[in-house]
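For reference, the structure is listed below as structure tokens.
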Amino acid sequence: MANRFRNERIEIKLTKEEKEVFEKKMKLANCKTMSHFLRKCVLEKEIYVVDIVSSSISSTRSINFSPQDGHFNKT
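When the count follows the numbering used here, it moves up by one through the sequence shown with no breaks and lands on 75 for the last residue.
Printed below as a string of structure tokens:
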């Protein structure tokens, strides 16, 4: 295995709850390994930066992120 194409390593630490959300999303993405899931998320997806502080919001609804279920909830 000395000639591996992917020879760089990344380590992350998660809480039990974060790991459960991670694994849930990994299954939803049909990824069998954490490595495949991370590569898919990082390399294939666009990153959007939303600056809510400096932009005005015309909607009366607010959007909250729930780390427990990993979803955005409209209120």
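Each residue gets a CB set at the ideal place from its N, CA and C atoms; glycine is no exception.
As the structure is a computational prediction, the values presented were derived from the model and not from experiment.
Burial check for F5: the Cβ neighbour count within 10 Å stays below 16, so the residue is exposed. The Cβ atoms of I10 and L43 lie no closer than 9 Å to each other. Bounds of the alpha helix (DSSP H) holding L38 are M34 to E44. In the DSSP annotation of this structure, the continuous segment of the alpha helix (DSSP H) that includes V21 starts and ends at K16 to L28.
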